[in-house]
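Each step along the sequence shown adds one to the number in the numbering used here, with nothing skipped, and position 39 is 28.
The beta-carbon is built from N, C-alpha and C at its ideal position, and this holds for glycine as well.
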Amino acid sequence: MEIVDSGQSGNPGRAGLRVMNEILGGGFGSRLFQKVRTELGLAYAVDGRIRHGLRPSRCLRAEVLTKSPSTVDATQRCAG
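Right, dumping it as structure tokens:
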């Protein structure tokens, strides 16, 4: 997948990136939440998104709230 610079409101990739962020990490129905929390029980909360703003970003930010013994496994599940 190519990540586009979506800082300009006229960029055609902006809407798609926003939709993708919702699917990936946008709440209780997101893929990260369903996999890491609901299916695997590794975290209390999970969030992830690709930043879209003034500067292009090719980084996925993932946030996992978990207990110490589950940290490595939960982090690896978010990474892929």
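Nearest-angstrom Cα distance between T60 and A4? 33 Å
What are the partner residues of L70, as DSSP defines its beta bridges? Outside the displayed span of the chain (-10 to 69) sits residue 70, for which this structure offers no information.
Using a Cβ-Cβ cutoff of less than 8 Å, which residues in the same chain neighbour T55 once the five nearest sequence positions on both sides are dropped? L31, A32, Y33 and A63
Which class does L31 belong to by DSSP, given the choice of helix, strand or coil? coil
Evaluate M(-10) with the Cβ neighbour count: other Cβ atoms within 10 Å of its Cβ, from every protein chain shown; 16 or more gives buried, anything less gives exposed. Because M(-10) carries a pLDDT of 41, less than 50, the predicted location of this residue cannot be relied on, and no value is offered for it.
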